[in-house]
Each structure stands twice: as structure tokens, then as C-alpha cells.
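Quick note: the sequence shown uses the working numbering, first residue 92, plus one each step. Built from N, CA and C at the ideal position, the CB exists for glycine as well. In this text, all values refer to a predicted model and were calculated from it rather than measured experimentally. Before any comments, here is the structure.
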Amino acid sequence: MTLQLKKHPSFSGRQGPVVILVADGVGVAPAGPSNAVSEANTPTLDALANQTLYTELAAHGTAVGLPSDDDMGNSEVGHNALGAGRIFSQGAKLVNQALDSGDVYQTEVWQQAIEHGKNNTLHLLGLHSDGNIHAHTKHMYALMEKAAEQGVRECCIHILLDGRDVDARSALLFIEQTENLIEKINNEYSANYRIASGGGRMEITMDRYEADWEMVRRGYNCHTHGVGQAFPSAAEAVQAMYDSTGKDDQYLPAFVVEKEGKAVGRMHDGDAVVLFNFRGDRAIEISLAYERDDFDKFDRNEHGQHPKLFYAGMLQYDGDDFIPNQYLVNPPAIDRTMCEFLCAEKVKSFAISETQKYGHVTYFWNGNSSGYIDESLETYIEIPSDNIEFNEAPAMKAREITEETIKLIESGEFTFGRLNIANGDMVGHTGDMAAAIEAMEVVDECVAKLIAAIEKHNGILIYTADHGNADIMYTEKNGVRVPKTSHTLSPVPFAIIDPNYDGEYELTPSADAGLTHIAATAFNLMGYQAPEDYQPSLLTFSK
């Protein structure tokens, strides 16, 4: 189908570009000592919140395609929503539907995994929490129970400790829940289900955008070859590492469970491995390590021969590069994204971020599609992230991204651009309040510079966010502060900075306005009507 945009009947746009700035993880919550956004000195952001062209938008739950309004938004679905302009059912919802209907268990992939598990061992690998951002333990539990029912008697669980989408030290609670189910299954089926290995999600396995293949190497060796500090149980491992490192769940090192001096979960030829994460960005690299014959990012034979495994993901995490080849649930099919329309109109655009969010302004923004839509019209720039804990350098690469964006604006080549400044999210996830405040002050500094560039070149800047995080940094329980490292249910800011604004339009959001309404709004500001099936624009134009 040929894509086409109609010119707007009363607004032809500005001379300069329309640029969408996503301040990742910067939600709007009540001011107070737990709110790094309000506690920071942010005169620029404060001014935006007090101007006429300002509102707040939903960035979680059903507004972005998640199962319920109790579900926190995240960067993946947020950028899908921004780029798609419509609401699509997202990973968690798709998996819930497939499990509830039983469709997962009818797939050839599941049936093959079961056959391998019955003859050898089934390995379940994934993020071990109910955070519902990358994974949910209820999905793992459903797979465990169905596997036992269908005859799998040997099953190893490889757990990635969260502490990021859930409370910072909640691993022991989830381990207890899993051990209770393991005991039930083992008693009922005379089976040998067990937790075999694990480690923090920011220490092993779950790297993204090829920022740190060493993380993946550590995780691969831990889960596959039993390389890690040995403990009699997962609970003892976590408690001992709390005591010895002082770190929270997401940063705990690799561990293995041993019995009689041997790791209980080594993988062998003929075993099946199912990665039960549903979100793609942190699932791609470990999938490549298990699945690809030509894998060359590290030596998989370092601690033993790479086994011949049957490997599958919960979803296909990259539909363009077919990663993985085998999967249980089809991912959301997002078509006709805003950038596809812009390329059809021969509009030049740019996307820029640092490594941690580069895939969000490209892959996720473009509807889970890798690569360029039209390389002759698009410019993508990745600023390499530092491989450190982000509270150690709260500025991250915000200043470098800002300077590169200003150059793109000054070039005069582009009609549209988008950038992600990751500080509010990545530093917010550390739970370090002082670092998050510093991060927000850097964001404010960068937004001021971008506004100045937009004003100089007669463009329009849209300031928004993909979800909340830094806006609630801790909660209090019995008078004790508990770091909150997860996302929030907060709305996000939306401001239009249009230096040539003369009342041509008004900001008139509907009561249910969310991130999916931004695409139509951006089209209008570029002088186009939005496609008819897009969520409505946030603007009303004077005749």
C-alpha cells in the first residue's frame, strides 16, 4: 500500500525542523523529597511546565497497549507508541493472551522444546520478578507447570535478579515463591525441578545494543557451563552476596547452585532452552550467543564445548534479523509508523541517542524494525555509552547528544528529528537520589541549549518523556526509606516550544490523551494532516 500524507489545510509548519526530545524516565509526580525531578534545580523545565503549550500525558497501562492500568510503562512500549501513533497490544498482553488461551502449547516450537525436555533437560531462563517490563514470573510458572504436566521431569531455572522494575532487594521473595512451586511440582510428578544459576540483570546476560558483551559472556558461562560462585541454594547465594558486596539485586554477580560439588544446571547436547523474557532489547544478545553457529563475540568454548541446544524465545525479539529463529508468541505487528510516512513524503529526518537508548529512537520507534527505512533520507547517530554504573557519571552522554543534535539542527537539512536523553531513567534505576538530582540538572541544562538552537533556526521542539522513574526515587515503610528503582505510573510532561507561535493553534488534549497522540501532533506541526487511523492530534487549529 502506498503511504501518503495530506497537507494541513491551515498550517504549513515552520522554517526549521520539528524535534521531539524524549527525556527518558522523567515523569510528573507530586513535589517532595523523594522526587528527584522536583528536588533538582531545573529552571528550564519549570518554565516549560508553566507555559500555555503544556500538558501531561498517560505513558503506562492501556494507553500504551499494556494489559492493565496497574502496569508501568517502559522505554520499549513508550517509543513504540511515539513512533506508531496508535495503540498496539504489547509483549506482556500478547503473552498473557497466548498462555490463557493455551495457544502457546499448540505451537510446534513448544512441542519440540517439550520433546527435548522429556529426553534431556528443559532450561528456563529469564528475569525473575513480576515487574512486567521484561518478564513476569507468572509466565515462567505457567511454562513450568505445563512442562511438568506434559512429562518433563528435569528442569533447570536460571534466574536473572531484577531489583530495577521491582524493589531493589526483592529477590528473596521471588525465590521463595519459585521454590514453593518447585516443591509442589517435584512432589506431584516425582520430578527434579531446581533453580540452577543466576545473577543481577546489570551484571550478567541482559546487555543491550552491544554495549557490553562481557556481561553476556559472564551470563552465558554461568548458565551454560556452571561458572560462578557456588552456593547450596539460590536464597543462600543472594543473602551471602548482600552481606559481602552491599549491592542490590540488579548488581549481584553470577552464582551457581551446587550439589555434591557439581553445578546442578549445566547444559548438555540435546537440552532445550526457553528464554521467557518478552521484551526484546535485553534478550537479543543472549539469543545470538545460544543460537547462531557463526557467533564470534566471545569464545563459547572457554569453559567447555558449546552444547547443541534447542533454543527458543518467548517472542521473536528482532523480526528483521530473525532473532531468535524459534519463538512461542508472535510479537506486535506495528506497521505504517510515522517515519514510514515521512520517508514516503521524502522528508529528511534524524535520530540520535547514546547506546543505552539508541535502539529506542531507531528500532522501537520504527515499529520493532531494524535498520533504516530509507537511508537516503535518514541519519542515525549513536553516541557510545560508558560501561559503568550510571550513578557514577550522572551526566551520562546528555551533553554530547545535545551538541550533536544542535549540529543537525544547524545544518538546515532536516524537517524532523528525535533524540533520547537517558539520564532520568538510567540514573533513576540506580536508586541513588543525589545522582538522580544531578542527572536532572544536566537534563535541564541540555534542554535549555536545545531550545536556544530551535529558536535560532525557527523550528519547534516537543519536550516529553516515555515513562516515569526519577519522579519517585524512594518510598517509606515504617519510617524507613526504601529505594524505588522501578518505573512509576506517573504521567509524563508534554510541552511545545514554538518561538514563532502566534495563536495559530491551541493545545486541547482529550481526557485519555497519551503518548500515541504525539505522532499526529508532530505531523500537524510539520504541516501535514495525520493518517485517519492515528490517535488524534493534541492540537486544535484556528480557521
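Check, Outcome
"Among Glu382, Asn457, Glu494, the one whose alpha carbon lies nearest that of Lys540", "Glu494"
"Cβ pair Thr146, Pro622 closer than 8 Å", "no"
"Extent of the continuous beta strand (DSSP E) run through Thr555", "551 to 555"
"Local conformation of Val110 per DSSP, three classes", "strand"
"Segment contact flag, the stretch 311 to 331 with the stretch 353 to 373, C-beta cutoff 8 Å, min 3 pairs", "yes"
"Classification of His520 by the beta-carbon crowding that lies within 10 angstroms, buried from 16 upward", "buried"
"Distance CB(Lys448)-CB(Ala513) smaller than 8 Å", "yes"
"DSSP-derived helix/strand/coil call for Gln396", "coil"
"Proximity of Ile266 and Ala325 at Cβ, strictly below 8 Å", "yes"
"Cutoff 7 Å; reference Met517; Cβ partners in own chain excluding five residues on either side", "Gln447, Phe481, Met487"
"Environment of His359 [buried if 16+ CB atoms lie within 10 Å]", "exposed"
"Reference Val257; option with closest CA among His225, Gln407, His608", "His225"
"DSSP state of Met405 mapped onto helix, strand, coil", "strand"
"Separation of Ser288 from Asp160, as counted between CA atoms", "33 Å"
"Residue closest to Ala354, alpha-carbon to alpha-carbon, out of Ile286, Arg309, Val420", "Ile286"
"Val109 beta carbon less than 8 Å from that of Ile553", "yes"
"Residue interval of the beta strand (DSSP E) (run including Val347)", "346 to 350"
"Proximity below 8 Å, CB of Met531 to CB of Ala127", "yes"
"Backbone secondary structure at Arg509 - three-state DSSP", "strand"
"Local conformation of Val438 per DSSP, three classes", "coil"
"The stretch 534 to 549 contacting the stretch 582 to 595, beta-carbon criterion three pairs below 8 Å", "yes"
"Candidates Pro423, Met235, Gln197, of which the one nearest Gly208 by Cα", "Met235"
"Length-filtered (4 minimum) alpha helix (DSSP H) runs lying within the stretch 323 to 376", "325 to 336"
"Cβ separation of Tyr284 and Cys246, assumed to be a contact under 8 Å, to the nearest whole Å", "4 Å"
"8 Å Cβ cutoff met for Thr376 and Val307", "First, the residue type needs correcting, since residue 376 is Glu and not Thr in the sequence shown. In contact: Glu376 and Val307 (Cβ atoms closer than 8 Å)."
"Inter-stretch contact (C-beta, 8 Å, three-pair minimum) for the stretch 430 to 443 and the stretch 382 to 396", "no"
"Residues that DSSP places opposite Ser577 in a beta bridge", "None, per the DSSP bridge assignment."
"Of the residues Gly242, Asn210, Gly156, Leu252, the one placed nearest His227, counting alpha carbons only", "Leu252"
"Whole runs of the beta strand (DSSP E) within the stretch 124 to 170, excluding any shorter than 3 residues", "145 to 148"
"Per-residue burial, Ala610 [other beta carbons within 10 Å of its own, 16 or more giving buried]", "buried"
"Residue range of the beta strand (DSSP E) that includes Leu252", "245 to 252"
"Span of the alpha helix (DSSP H) around Val538", "524 to 547"
"Identity of the residue in Ala604, Tyr625, Glu597, Ala489 nearest Ser641 by Cα", "The chain is shown only over 92 to 634; residue 641 falls outside these bounds and no answer can be derived."
"Buried/exposed call for Gly123, threshold 16 Cβ in 10 Å", "exposed"
"C-beta atoms of Gly515 and Ala172 nearer than 8 Å", "no"
"Minimum C-alpha distance to Ile443 - residue among Ala140, Tyr311, Tyr408, Leu499", "Leu499"
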